[in-house]
Structure formats: structure tokens, C-alpha cells
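Below, the structure written as C-alpha cells:
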């Protein structure tokens, strides 16, 4: 808030304590501006660590993140937007192709390129709700070297004393404002109150906790009910005439111990032989199928809740509940529309890197990155449409409605 041309600080506590536990002062050499933060903005790292733990620990959530990441990591290519000659276009595309091979952030991947970079990007985007980092340049070669990601758990969006939102990187040596031209931040589902993105798992922890409790209860119950146990009932023999109480107790205890030892020593192929006063019954559920179906329906409901929270359908993760083919196609169509919307954000990011590479090479034009989802999205329908167009073209040519040159040109457009 400004008053009389000056900024008034809000009443909030400081962003991050120093190593000695004392808050950073406004004249600290580690800060270029005086930053304030509310206590609620400390939850970013805790939530991201929680989401990562859930992703790595619960197979269902791991499958959701894996499916989203691989669906969006479709093949793609750079295109030149400006109208230039074929030779210049080929040179520009070759520069972008070589740059794509260097984008892998890991030094272990010598030529990982976009094939390794995109799954990493989407995994962080869906799990952490953001992907950010710095673009490094090779000054000697005059080209983009690679993109170095940073951990989104240490990013905070705060307000300075002028009430302007500032993105900071929390480090042990202080907080670094991220306002340089080589920094790029890509957030998922950003809100109005904060520019930070939100993880796709944000609505999952409570339901995932219930689902895991259900699985543990089901494991213990089914383990206890799944194995029949022997219930051996021994009727004490009658007391003999003239037998003392002490002798009678000793005799029935020996008989009991011998019967127990005989039961314990029985092998699976052996049959116990006893007097009539020993009864052997089975202890176990009488309606195992009913119990299993009850657990199955309950767990199915929890799986559907988790899938709904991640904007996926159960059949996308291999859970088949008798869904019809048309209904499954409709759901898949909705999923692919989500894929397109997120891919457009990532395409702008890749175009930013590509345009930097072209500028370093002396190219003044612009590039565009296009994802190719034709292999997975409505492949059969596209094939049928293409076949129908070919058949119509052949019929028009054989009937004499199209000249040979026109038919050849239209046939070339269909290839």
C-alpha cells in the first residue's frame, strides 16, 4: 500500500530466520529488498514433501502421476512461424534440433534431450504444482547450454512492503529474489491470491489416508478369515471310583497334553485318531465370498474418489468396472482435452527457450512448438475419416467430376 508516494509495510513477520535463529533485518546484505510474509505461507515445502511421499508410497497415486506425465510427454517438434526460404528454415530447425538434445538437466544423460526433459517437467508440474529453473548459456559457442531446474519446495510468493508479489528462493544463506531474465516459472492451477501453482494431489491426502487404512484393515481381516483353524474340544474323562482328586487331575492333564501334542504333530497328509470325547471343528467364515465382495465394493469407491481427485478415470489406470466402449471414449476425450490445455502452457515455455537459441544464432524470427497427440488421441476415428476422404476422392475422379491434376493435388494433401 502506498501513501504519500511511500510504501507502508504490513504488520507481518519476517520471511525466514537466519542460522542463529534471529530474523533477517531490513539492512541485511543477503536481501535486496525488505520482504514480509504471513505465517500461512510457510506451508509450501511441507505440502510438497507430503505430495512426494504420497506419490512414492501409494501405488495408485504413483500410477496417476505416471499416466498424466506420459500422456502429456507426447512427441513434438519445432516449427518456424515466419515466412523464410527453405534453406534458412532448415538451418533454423537444425539449430533447434541440436538445442533439444542438450536440454536434459542431468549430466548423466549425454543426449537425453526432450525425451528425458518432458517427463521430468510434467512429473514436477503435477506433483509439486510448479516447474521452475534457470536457462544457462554457453558464451563461447553462442548457444543454449541446458535448463537447470530448481526445487519448487523452496519457492515462496510473498508481498514486499509495497504490496507487490515477489517470488523468492529460500537458501541457507538467505532469500534470493527471482526476477532475472534467465529464470522461468511454470505453475499449474494458479489461484487469484497467489501466483504459485497447486499440485494435482491437493485434494487427495485425506481420501488417500482412508484408502490406505481400508487396505490395511482388509489385509488383517482377510488374513484372519482366509485360513481355517482347528478347534479341538476335549471332554474330560470320568473320574474312576476310588481315584483321588490329585490322581484324577494328573491323569486328565496328561491326556490333554498327549492330545494336543498329537494334533500339533499331524502332517497335512495325516489323519488324527482320538477317542469319542475329542471333537475337531473348523473355525472360519461361512460366507467368504460375501465378505470379499463387501471389501471390494468399498475399495472400489475409494479408488474412484482418488481418480476423481486427480481428474482421471479408473479405466485409465487399469481398473475396469464394466464401462461401455462409448462411455470410455467420452472419458478419454475429456482427458485429452485436459492434456491439450496443459501442453499449451508447456509449449510456450519451450518456445521461449527456442527463441533464445535462435536469437543467439542471429535469427530474428520466431518458432513454435507443437505436440503430436495423433498416436493416442482418437487414432481409430482419424483413420476412418482419412479413409472416407480417400474413398470420396476416388469416386469423384472415376465419375469424371474431378480432373486428374486436381485429384492428384487433393490426394497429395491427404498424405
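Numbering (this note's numbering), first residue to last: 2 to 416.
Cβ atoms here follow ideal geometry from the backbone N, Cα and C, with glycine treated the same way.
The model shown is predicted, which means the values in this text are computed figures rather than measured ones.
Length of the line joining the Cα atoms of residue 191 and residue 301: What you label residue 191 is simply residue 190 of the chain shown in a count that begins at 1. What you label residue 301 is simply residue 300 of the chain shown in a count that begins at 1. The straight-line gap separating the alpha-carbon atoms of residue 191 and residue 301 is approximately 31 Å.
Distance CB(residue 337)-CB(residue 374) smaller than 8 Å: The residue labelled residue 337 in the question sits at position 336 within the chain shown. The residue labelled residue 374 in the question sits at position 373 within the chain shown. Residue 374 is positioned such that its CB atom lies closer than 8 Å to that of residue 337.
For residue 154, report the span of its beta strand (DSSP E) as first-last. On the chain shown, position 153 is the one that residue 154 refers to. First-last for residue 154: undefined, no H or E at that position.
By the three-class DSSP mapping on this structure, what secondary structure does residue 124 have? As a position in the chain shown, residue 124 is number 123, starting the count at 1. It is helical.
Which word fits residue 214, buried or exposed, when buried means at least 16 other C-beta atoms lie within 10 angstroms of its C-beta? For the purposes of this step, residue 214 is identified with residue 213 of the chain shown, where counting begins at 1. Counting Cβ neighbours within 10 Å, residue 214 comes out exposed, since fewer than 16 surround it.
For residue 207, tell me which candidate among 307, 157 and 168 has the shortest Cα-Cα distance. Taking the chain shown and counting its residues from 1, one reaches residue 207 at position 206. For residue 207, the nearest C-alpha among the options comes from 307.
Below 6 Å CB to CB, which residues in the same chain sit around residue 122 once its five sequence neighbours on both sides are set aside? The count along the chain shown starts at 1 and reaches residue 122 at position 121. For residue 122, where only same-chain residues beyond five positions count, the Cβ hits under 6 Å are 132.
Give, in chain order, every unbroken run of the beta strand (DSSP E) that is at least 3 residues long and sits entirely within the stretch 75-109. 77-81, all fully within the stretch 75-109.
Any idea what DSSP makes of residue 407, helix, strand or coil? Position 406 of the chain shown, counted from the start, is the residue given in the question as residue 407. It is helical.
Within this structure, are the beta carbons of residue 158 and residue 129 separated by less than 8 Å? Position 157 of the chain shown, counted from the first residue, corresponds to residue 158. Position 128 of the chain shown, counted from the first residue, corresponds to residue 129. In this structure, residue 129 does not lie closer than 8 Å to residue 158 by Cβ.
Please classify residue 73: is it buried, with 16 or more other beta-carbons within 10 angstroms of its beta-carbon, or exposed? In the chain shown, counting from the first residue as 1, residue 73 sits at position 72. By the neighbour-count criterion, in which a residue is buried when 16 or more other Cβ atoms sit within 10 angstroms of its Cβ, residue 73 is buried.
Below 8 Å, can you find three or more Cβ-Cβ pairs linking the stretch 85-93 to the stretch 135-150? Because the criterion of three Cβ pairs below 8 Å is not met, the stretch 85-93 and the stretch 135-150 do not touch.
Could you have a look at residue 282 and say whether DSSP puts it in helix, strand or coil? On the chain shown, position 281 is the one that residue 282 refers to. Three-state DSSP puts residue 282 in a strand.
Rounded to the nearest angstrom, what separates residue 202 and residue 273 at their Cα positions? Locating residue 202 in the chain shown gives position 201, counting from the first residue. Locating residue 273 in the chain shown gives position 272, counting from the first residue. Just so you know, the alpha carbons of residue 202 and residue 273 end up roughly 57 Å apart.
Within 10 Å of its beta-carbon, does residue 346 have 16 or more other beta-carbons around it, so buried, or fewer, so exposed? Reading the chain shown from its first residue, position 345 is the one you call residue 346. Exposed, since its Cβ has fewer than 16 Cβ neighbours within 10 Å.
Between residue 31 and the rest of its own chain, which residues show a CB-CB distance below 8 Å, the 5 nearest in sequence each way excluded? On the chain shown, residue 31 is found 30 positions in, with the first residue counted as 1. With a pLDDT of only 41 at residue 31, under the threshold of 50, the placement of this residue in the model should not be trusted, and no figure is reported.
Starting from the C-beta of residue 62, find all residues in its chain whose C-beta is less than 6 Å away, skip the five residues before and the five after it, and write them out in chain order. Locating residue 62 in the chain shown gives position 61, where the first residue counts as 1. Excluding sequence positions up to five before and after residue 62, its CB lies within less than 6 Å of the CB of 55 and 56, all in the same chain and listed in chain order.
Work out the CA separation of residue 386 and residue 402 for me, nearest whole Å. Position 401 of the chain shown, counted from the first residue, corresponds to residue 402. Position 385 of the chain shown, counted from the first residue, corresponds to residue 386. In a straight line, the C-alpha of residue 402 is about 21 Å away from that of residue 386.
Helix, strand or coil: which one does DSSP assign to residue 140? The count along the chain shown starts at 1 and reaches residue 140 at position 139. Of the three classes helix, strand and coil, the one that applies to residue 140 here is coil, per DSSP.
Starting from residue 374, follow its DSSP beta bridges and name the residues at the other end. Along the chain shown, one-based indexing puts residue 374 at 373. Answer is none; residue 374 lacks a bridge partner.
Start and end residues, alpha helix (DSSP H) containing residue 260: For this step, residue 260 is matched to residue 259 along the chain shown. In this chain, the alpha helix (DSSP H) harbouring residue 260 covers 246-265.
Look at the alpha carbon of residue 116 and the alpha carbon of residue 370, and state the distance between them as a whole number of angstroms. As a working mapping, residue 116 is identified with position 115 in the chain shown. As a working mapping, residue 370 is identified with position 369 in the chain shown. The alpha-carbon separation between residue 116 and residue 370 amounts to approximately 14 Å.
Please go through the same chain and pick out, in chain order, the residues whose beta-carbon is closer than 6 Å to the beta-carbon of residue 263, but skip the five residues on each side of it. The residue given as residue 263 occupies position 262 in the chain shown. Taking residue 263 as the centre and dropping the five residues before and after it, the same chain places no C-beta closer than 6 Å to its C-beta.
Would residue 151 and residue 368 qualify as a contact pair, given that the criterion is a beta-carbon distance under 8 Å? Numbered from 1 along the chain shown, position 150 holds the residue referred to as residue 151. Numbered from 1 along the chain shown, position 367 holds the residue referred to as residue 368. Going by C-beta atoms, residue 151 is not nearer than 8 Å to residue 368.
Delimiting residues of the beta strand (DSSP E) encompassing residue 172: In the chain shown, the residue the question calls residue 172 occupies position 171. Judged by DSSP secondary structure, residue 172 falls within the beta strand (DSSP E) whose first and last residues are 166-172.
Residue 274 by DSSP, collapsed to three states: which one? Walking along the chain shown from the start, residue 274 turns up at place 273. Residue 274: coil per DSSP, three-state reduction.
Should residue 349 be labelled buried (16 or more other beta-carbon atoms within 10 Å of its own) or exposed? Residue mapping note: residue 349 aligns to position 348 of the chain shown, counting from 1. Counting the other Cβ atoms within 10 Å of the Cβ of residue 349 gives fewer than 16, which makes it exposed.
Spatially closest choice to residue 318 from 304, 196 and 341, by CA coordinates: The residue you call residue 318 lines up with position 317 of the chain shown. Closest option to residue 318, Cα to Cα, is 304.
Mark residue 396 as exposed unless 16 or more other C-beta atoms lie within 10 angstroms of its C-beta, in which case mark it buried. For the purposes of this step, residue 396 is taken as residue 395 along the chain shown, with counting starting at 1. Burial state of residue 396 is exposed, judged by a 10 Å Cβ sphere holding fewer than 16 other Cβ atoms.
Where does residue 176 sit, in a helix, a strand or coil, going by DSSP? Indexing the chain shown from 1 puts residue 176 at position 175. Residue state, collapsed to three classes: strand.
Those residues which DSSP pairs with residue 132 across a bridge: The residue you call residue 132 lines up with position 131 of the chain shown. 187, per the DSSP bridge assignment.
Roughly how far, in whole angstroms, is the beta-carbon of residue 235 from the beta-carbon of residue 260, given that I think they are within contact range, below 8 Å? To locate residue 235, count along the chain shown from 1; it is residue 234. To locate residue 260, count along the chain shown from 1; it is residue 259. A Cβ-Cβ distance of about 6 Å is found for the pair residue 235 and residue 260, placing them in contact under the 8 Å criterion.
Is the Cβ-Cβ distance between residue 66 and residue 127 less than 8 Å? As a first step, residue 66 must be located in the chain shown, where it is residue number 65. As a first step, residue 127 must be located in the chain shown, where it is residue number 126. It is a contact, given that the beta carbons lie within the stated cut-off.
For residue 278, which option in 187, 251, 392 and 233 has the closest C-alpha, if you only look at C-alpha atoms? Numbered from 1 along the chain shown, position 277 holds the residue referred to as residue 278. Sorting 187, 251, 392 and 233 by C-alpha distance to the C-alpha of residue 278 places 233 at the top.
Environment of residue 140 [buried if 16+ CB atoms lie within 10 Å]: Along the chain shown, one-based indexing puts residue 140 at 139. Residue 140 counts as exposed, since fewer than 16 other C-beta atoms from the protein chains shown sit within 10 angstroms of its C-beta.
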